[in-house]
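Trainee: If you scroll down you'll find the structure; I have some questions about it.
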Amino acid sequence: MHKASPHRNQRLADQIQRDLAELIPRELRNPSLGLITLQSIELSPDLAHAKVFFTVLGAESDHALQALQEKAGYLHSLLFKRLHIHTVPTLHFHYDNSVEHGIEMSKLIDQAVDSDHRDETK
Numbered sequence: 217m218h219k220a221s222p223h224r225n226q227r228l229a230d231q232i233q234r235d236l237a238e239l240i241p242r243e244l245r246n247p248s249l250g251l252i253t254l255q256s257i258e259l260s261p262d263l264a265h266a267k268v269f270f271t272v273l274g275a276e277s278d279h280a281l282q283a284l285q286e287k288a289g290y291l292h293s294l295l296f297k298r299l300h301i302h303t304v305p306t307l308h309f310h311y312d313n314s315v316e317h318g319i320e321m322s323k324l325i326d327q328a329v330d331s332d333h334r335d336e337t338k
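Take any residue in the sequence shown, note its place counting from 1, add 216, and you have its number in the working numbering.
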């Protein structure tokens, strides 16, 4: 079985990310979903599946994830019309908590630095 080149996979992932970034706000016009931002797309080697990693601002991540999963088939069909390829990957949405994790780590570092600073001034 012929596998796509890594460069082609990355170009396709980038194109899917651009298209979804345009389609999601237009097709999911629910203000309760907040601002959904796509972080990255990971394609399976056979291009059959795409993991779509997103963050959300101003809404619960579970609510946004549920809405995206409900619209995944519809978004897939819209992508099929835009992308002129034989097989459009099935979309699998995943909340990306790395931003929250980074903020939490930054807070912990700040607390440790403040604690050290207070200890030095005693």
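The beta-carbon is built from N, C-alpha and C at its ideal position, and this holds for glycine as well.
For F309, which residues in the same chain have their Cβ closer than 7 Å to its Cβ, ignoring the five residues on either side in sequence?
Mentor: Closer than 7 Å at the Cβ level, and outside the excluded window around F309, lie V268, F270, L281, L284, Q285, A288.
Trainee: Using CA atoms only, rank isn't needed, just tell me which of N225, A264, H300, N313 is closest to L254.
Mentor: Taking only the C-alpha atoms, the option nearest L254 is N313.
Trainee: Could you check which residue in Y311, T303, E320, M321 has the C-alpha nearest to that of L263?
Mentor: With distances taken between Cα atoms, L263 lies closest to T303.
Trainee: Kindly indicate the opening and closing residues of the beta strand (DSSP E) around V272.
Mentor: Where V272 is concerned, the enclosing beta strand (DSSP E) stretches over 265 to 273.
Trainee: Cutting at 6 Å between CB atoms, please list the residues of its own chain near I257, excluding the five before and the five after it.
Mentor: Counting only Cβ-Cβ distances below 6 Å, and skipping sequence neighbours, we find A229, I232, Q233, A266, V268.
Trainee: Does I319 pass the burial test, meaning 16 or more other C-beta atoms within 10 Å, or should it be called exposed?
Mentor: By the 10 Å Cβ count, I319 comes out exposed.
Trainee: What residue from I240, L259, L239, L236 has the CA that sits closest to N225's CA?
Mentor: Nearest C-alpha to N225: L259.
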